[in-house]
Structures are given as structure tokens and as C-alpha cells.
Amino acid sequence: MVFGANDVAEPLGPRGDAPQPQVFMPKISYISHEGTRYEVEAEIGTTVMENAVKNLVPGIEAECGGACSCATCHVYVDEAWVAATGEPEPMEEDMLDFAADPRPTSRLSCQIKVNGDLDGLVVHIPARQA
Ligand code: FES
76 MVFGANDVAE
86 PLGPRGDAPQ
96 PQVFMPKISY
106 ISHEGTRYEV
116 EAEIGTTVME
126 NAVKNLVPGI
136 EAECGGACSC
146 ATCHVYVDEA
156 WVAATGEPEP
166 MEEDMLDFAA
176 DPRPTSRLSC
186 QIKVNGDLDG
196 LVVHIPARQA
């Protein structure tokens, strides 16, 4: 094969096979109540809770597994991200009544779906869960 001036050689995959397509993974930062930052890359369509659990971010318990029935995935959405994450649905709003120390920016992280607009999202983990 002859390469021209405009051809770009793509790197081979990890085992020398065809290159893997680059998948965009939005970054999410979880800030503990002590100030420790945990940054993870999240798959689009998953939830903020699932990415915390998968990456062993401490402080997100998620006892109900994302069924919106435990409030142990409670987070405070950073002020800069409140509009992008949207408002809680009525069922989530009801469950937030059971969260420890709820605030105006409180959300259940199992109800926040990751999408491309959330690249850079910052959430703060409360000192304790419900
Ligand atoms: Fe139980 Fe979110 S994981 S309410």
C-alpha cells in the first residue's frame, strides 16, 4: 500500500488488530465532603450513580440499585451544573425528603443520566447518606 500526503496511519488496536473507534466519554468529578476529587469517564446513557459505584467512589451507597427508592445516592449538583442536569421528577423529589441534609441543589445520582452535555459535571457527596 502506498500512502499519499493526506493519508493518516491509524494506530493498531491493543493486540495489533483493527483500530478501535474512539468513544466519547464525558468526565464526571465527584467531590467528597473532605474535598477529595474523584474524576471518572462515564459511558453515555449510564447514570451518575452507576459511574460512582463502578469506579468505587466512596460515599455513594446506592442501596436500591438505582430504583429511586433509597436516597443513598444523594449528591449536591455543583451550582454551575444545576441547569444542565435539570429538575428532579416528582418521584425523585419525594425520595429527596428522606435524604440526609437536603439542599436546593440536591439530586439522586441514579436519576441523572449521562449525556454529552454533562462533560465536566461536578457533584458533591454529602457527609453521610440517609
Ligand atoms: Fe437508591 Fe438512587 S440508588 S435512590
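According to the numbering used here, numbering within the sequence shown proceeds without interruption in unit steps and concludes at 205. Backbone N, C-alpha and C fix where the C-beta goes; we use that ideal spot for every residue, glycine too.
Query                                                                                                                                                                             : Result
Grab the span of the beta strand (DSSP E) containing K102 for me, first residue to last.                                                                                          : 102-106
Between Q95 and T121, what straight-line distance do the alpha-carbon atoms span, to the nearest angstrom?                                                                        : 21 angstroms
Give me the Cβ distance between S104 and I200, rounded to the nearest whole Å; I'm assuming they're in contact under 8 angstroms.                                                 : Contact doesn't hold; Cβ gap of about 11 angstroms is too wide.
Among the residues of its own chain, which have a CB less than 7 angstroms from the CB of M215, if the five just before and after it don't count?                                 : Outside the shown range of the chain (76 to 205) lies residue 215, about which nothing can therefore be said.
Which residues bound the beta strand (DSSP E) around V197?                                                                                                                        : 196-199
When you compare only the Cα positions, how much space is there between D153 and G91?                                                                                             : 42 angstroms
Identify every run of the beta strand (DSSP E) within the region 102-183, keeping only runs that are complete inside it and at least 3 residues long; order them along the chain. : 102-106, 112-116, 149-152, 181-183
Hey, is S144 close to the ligand FES, as in C-beta under 7 angstroms from one of its heavy atoms?                                                                                 : yes
Got a sec? Which residues, its chain only, sit under 8 angstroms from A155 by beta carbon, not counting five neighbours each side?                                                : V197
Answer yes or no: do Y151 and T111 have a C-beta to C-beta separation smaller than 8 angstroms?                                                                                   : no
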